[in-house]
Amino acid sequence: MLKLTNIETYYGQIQALKGIHLQVEKGQIVALLGANGAGKSTTMRTIAGLVKPKQGTVEFLGEDVTGLRPHQLLRKGISLVPEGRAILAGMTVLENLEMGAYHRKDSRVKNDIQNVMRRFPILEERQNQLAGTLSGGQQQMLAIARALLSKPKLLLLDEPSMGLAPIIVAEIYKIIKDIKEEGTTVLLVEQNAKQALKIADYGYVMETGKIIAEGTAEELLKDERIVEAYLGKK
Ligand code: ATP
């Protein structure tokens, strides 16, 4: 479904990605792991069109989409929930959800909003409340719900568990599993690798702008060198 070939991305003179090869198969959850600053967010931002790679190609559903703008990629079915969630704090929960579907022209938006609210009852309860007044976990749910309203084929989740209490993390992970079961493919960035590999089909480990290991969740968890160096936490 998604294929990155030899991607190099720079911030000015700083090379953040040094030739990334990565593939996501339809229907999978793929985890992108690694320490702080390894380049995970930059990989996500490159796929979503927020930064342009200097080298390499991004293919989505067999089409070369390298260099397309975020709204074009959204229309093609790629939706990013960025690190830090980026909800619109001064707008209500309902307005945030409506923003998630702003580019859609079909008549099912209202219906879909009702459906996401059924899935996230807390958002229904708080629909007229300003999004900035929600707790961290609720804001993460809102960010995911908003992304789902764009009807993505590929959902990019950048550190969805960041800063959340374990019980809330468990809830978010259950939601990610459900999303996969409903047919949406997921690329998931996590620092908490063990947690991510519990639900992932496949994983990539990054270090300083490169992929240094990859494999099924089972393979990565069996590799002592990897576990010790990268999956040690929690
Ligand atoms: P984190 O978990 O901290 O987000 P990460 O693995 O997602 O880590 P990136 O955020 O992709 O890593 O960062 C990769 C490299 O690019 C780092 O060296 C970082 O300092 C650098 N970098 C990231 N964003 C910028 C920016 N806007 N300008 C300059 N350098 C940046």
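According to the UniProt record's numbering, the sequence shown is numbered sequentially starting from 1. The beta carbon of each residue, even a glycine, is placed where N, CA and C say it ideally should be. In this text, all values refer to a predicted model and were calculated from it rather than measured experimentally.
The continuous stretches of alpha helix (DSSP H) do not include Y11, which lies in the beta strand (DSSP E) extending over residues L2 to Y11. Boundaries around Y173 are those of the alpha helix (DSSP H), P166 to E181, since no beta strand (DSSP E) includes it.
A straight line joining the alpha-carbon of M162 with that of A193 spans about 12 Å. In the DSSP annotation of this structure, the continuous segment of the beta strand (DSSP E) that includes H21 starts and ends at I14 to V24.
When C-alpha distances from D112 are compared across G84, I87 and R146, the shortest belongs to R146. DSSP lists L187 and Y202 as the beta-bridge partner residues of V30. The alpha carbon of A38 has as its nearest neighbour, out of A48, V30, Q15 and Q129, the alpha carbon of Q15. Distances between the C-beta of Q191 and the heavy atoms of the ligand ATP include at least one below 7 Å. In the displayed model, E214 falls within a strand according to three-state DSSP. Two segments are said to touch when three or more pairs of C-beta atoms, one from each, lie closer than 8 Å; by this definition the region 28–43 does not touch the region 66–77.
Taking every protein chain shown into account, the CB of A131 has 16 or more other CB atoms within 10 angstroms, so this residue is buried.
Restricting attention to M141, L33 and Y11, the CA atom closest to the CA of Y204 is found in L33. For S41, no beta strand (DSSP E) encloses it; the enclosing alpha helix (DSSP H) starts and ends at K40 to I47. Taking R85 as reference, the option from L156, I78 and I122 with the minimal CA-CA separation is L156.
F60 has L2 and E63 as its beta-bridge partners, per DSSP.
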